[in-house]
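Each number in my numbering comes from the position in the sequence shown (counting from 1) with 1 added on.
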Amino acid sequence: MLRVREIAARVPPRDGKGLSAEGVDGVSPRGAGPARLIALAALGIALGSGSMVLTASLVAADDDAGIRAFYVEEAARKAAQLRAQHAAYMPPRASAYAPAAQGWRLPLLQTRPDGRIAHPPVALNPFRQVARKETASRSRKHQNGAVALAPAPAHGVAARGQTFCVRLCDGFHAPIGQLRAAGDMKAHEALCKAMNPGVPVKVFRAAMGSSGINDAVAADGQRYTALPMAYSHEKAADPACRPAIVQAGERRISLLRDITLRPGDSVVLDGKVSTFAGSSTWPYSRHDFRDFRTASELSKGQRRQIDEQVGVSRMEAEAGSVRRQMRVREARLLDDAVGSDALLRGSLDPVSHGPVRQIPLPTRNP
Numbered sequence: 002m003l004r005v006r007e008i009a010a011r012v013p014p015r016d017g018k019g020l021s022a023e024g025v026d027g028v029s030p031r032g033a034g035p036a037r038l039i040a041l042a043a044l045g046i047a048l049g050s051g052s053m054v055l056t057a058s059l060v061a062a063d064d065d066a067g068i069r070a071f072y073v074e075e076a077a078r079k080a081a082q083l084r085a086q087h088a089a090y091m092p093p094r095a096s097a098y099a100p101a102a103q104g105w106r107l108p109l110l111q112t113r114p115d116g117r118i119a120h121p122p123v124a125l126n127p128f129r130q131v132a133r134k135e136t137a138s139r140s141r142k143h144q145n146g147a148v149a150l151a152p153a154p155a156h157g158v159a160a161r162g163q164t165f166c167v168r169l170c171d172g173f174h175a176p177i178g179q180l181r182a183a184g185d186m187k188a189h190e191a192l193c194k195a196m197n198p199g200v201p202v203k204v205f206r207a208a209m210g211s212s213g214i215n216d217a218v219a220a221d222g223q224r225y226t227a228l229p230m231a232y233s234h235e236k237a238a239d240p241a242c243r244p245a246i247v248q249a250g251e252r253r254i255s256l257l258r259d260i261t262l263r264p265g266d267s268v269v270l271d272g273k274v275s276t277f278a279g280s281s282t283w284p285y286s287r288h289d290f291r292d293f294r295t296a297s298e299l300s301k302g303q304r305r306q307i308d309e310q311v312g313v314s315r316m317e318a319e320a321g322s323v324r325r326q327m328r329v330r331e332a333r334l335l336d337d338a339v340g341s342d343a344l345l346r347g348s349l350d351p352v353s354h355g356p357v358r359q360i361p362l363p364t365r366n367p
């Protein structure tokens with residue numbers, strides 16, 4: 002087995018001193034050390050500058066992405082606010098009656114930017130969406146092979162219809178109005194009792210499309226034809242069953258609480274005709290009624306028909322003629338040159354011509 006051993010070469014001695022080969026190889030030329038340091042420093046500066054530029058660009062890219070997302074979210078939020086404002090201040094929808102079951106709200110909380118009171122949202126046909134859903138569900142069942150059943154009425158439709166106030170003592174019935182919702186039944190019952198004080202009454206409801214009172218049903222399920230005194234008022238009159246006559250100054254039903262009023266209904270009070278213009282609040286106010294001749298809810302033919310039937314123009318013309326005659330007469334009485342044309346109650350002429358009775362008077366002799 003051979004062993005190799007490295008032996009350092011010797012350089013010939015100079016000036017009495019010996020140098021090894023390692024010492025010769027390890028000696029660098031003059032100036033090589035500072036140049037290497039400068040190169041290393043330049044390389045470090047370049048690497049540091051590159052890392053700083055790369056870090057700044059990454060931070061800027063992240064910042065740009067965050068700002069863009071912020072602006073997108075801000076634009077979506079503003080668009081949602083604008084939609085909510087437009088929905089809150091939409092123009093009022095047409096309503097033919099005072100809305101029921103809307104709850105009590107302060108009118109000041111429903112004001113528009115221009116200061117006017119906003120009309121509460123009223124669905125003209127609240128059962129349309131329910132009917133569409135039920136129609137779609139029935140069509141799906143029919144396509145799946147299910148047995149087609151009779152269409153069920155939408156929620157709330159069964160409670161609608163014409164209401165009648167019925168006197169239980171003789172069966173006399175009078176229509177009250179259209180029942181819009183089940184919550185209006187209490188108001189109809191109160192109106193029925195107010196019209197018949199001291200008389201037992203009950204409210205019956207006829208379904209929509211019904212011909213009359215025959216199909217009317219009460220809240221307890223009793224039909225009008227099942228009453229013991231049904232149609233008794235047509236056979237004989239019972240004076241004890243009639244309500245008391247309204248006395249002067251007596252108030253039973255306030256017109257401002259009449260739930261049967263609809264825009265365009267005309268009411269005659271003290272010889273004057275007022276037309277209901279509609280209202281978004283209940284009870285109504287006097288400002289919701291206007292003269293029928295200036296009401297936009299009535300046509301020209303309807304105004305003429307009301308005037309002919311009530312005779313408002315005729316009565317006003319007669320009253321104006323009487324006032325003119327009174328003014329003329331007062332002017333004549335104030336003029337001294339014009340004699341009075343008042344008729345005397347007595348007369349100087351005898352009523353009948355008959356024999357004259359002579360009464361002798363006693364005379365004295367001179």
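Glycine included, each C-beta is placed from N, C-alpha and C at the ideal position.
Beta-carbon separation (whole angstroms), residue i vs residue j, contact threshold 8 angstroms
i: L169; j: L262; result: Contact doesn't hold; Cβ gap of about 27 angstroms is too wide.
i: E298; j: T276; result: 6 angstroms
i: G221; j: A207; result: In the sequence as presented, Gly is not what sits at residue 221; that position holds Asp. Not really, about 16 angstroms apart at Cβ, beyond 8 angstroms.
i: C193; j: I177; result: 6 angstroms
i: V268; j: L256; result: 6 angstroms
i: D185; j: D239; result: Actually they do not touch by this definition, with Cβ atoms about 31 angstroms apart.
i: A296; j: A278; result: 7 angstroms
Length of the line joining the Cα atoms of residue i and residue j
i: F173; j: P284; result: 29 angstroms
i: R305; j: V274; result: 12 angstroms
i: T364; j: P356; result: 24 angstroms
i: I260; j: S286; result: 13 angstroms
i: M316; j: K301; result: 20 angstroms
i: S233; j: A188; result: 27 angstroms
i: A1; j: T164; result: Because the chain is modelled from 2 through 367, residue 1 falls outside the range shown and cannot be assessed.
i: P198; j: D292; result: 32 angstroms
i: S29; j: R69; result: Per-residue confidence for S29 stands at a pLDDT of 49, beneath the threshold of 50, marking its modelled position as unreliable; the derived number appears in the next sentence. Going by the C-alpha atoms only, they are around 60 angstroms apart.
i: D369; j: F205; result: Outside the shown range of the chain (2 to 367) lies residue 369, about which nothing can therefore be said.
i: E75; j: Q82; result: 11 angstroms
i: R72; j: S50; result: With the sequence shown as reference, residue 72 is identified as Tyr, and Arg is not the correct amino acid for it. Using only the alpha carbons, I get a separation of about 33 angstroms.
i: L48; j: Q86; result: 57 angstroms
i: R330; j: G272; result: 27 angstroms
i: G210; j: Q326; result: 57 angstroms
i: A241; j: A195; result: 17 angstroms
i: R224; j: I307; result: 38 angstroms
i: R328; j: G321; result: 11 angstroms
i: V200; j: A175; result: 14 angstroms
i: E235; j: V323; result: 46 angstroms
i: R84; j: A77; result: 11 angstroms
i: A231; j: P244; result: 18 angstroms
i: V311; j: L335; result: 38 angstroms
i: R333; j: R294; result: 37 angstroms
i: P35; j: A43; result: 12 angstroms
i: A219; j: E190; result: 11 angstroms
i: V313; j: Q303; result: 14 angstroms
Burial state of residue i (16 or more Cβ within 10 Å)
i: K203; result: buried
i: H288; result: exposed
i: V167; result: buried
i: L38; result: exposed
i: S212; result: exposed
i: L180; result: buried
i: S280; result: buried
i: G162; result: buried
i: I46; result: exposed
i: I360; result: exposed
Restricting to runs no shorter than 4 residues, where is the alpha helix (DSSP H) found entirely within the region 248-312? 301-311
If we require 4 or more residues per run, which alpha helix (DSSP H) segments fall completely within the region 184-208? 186-196
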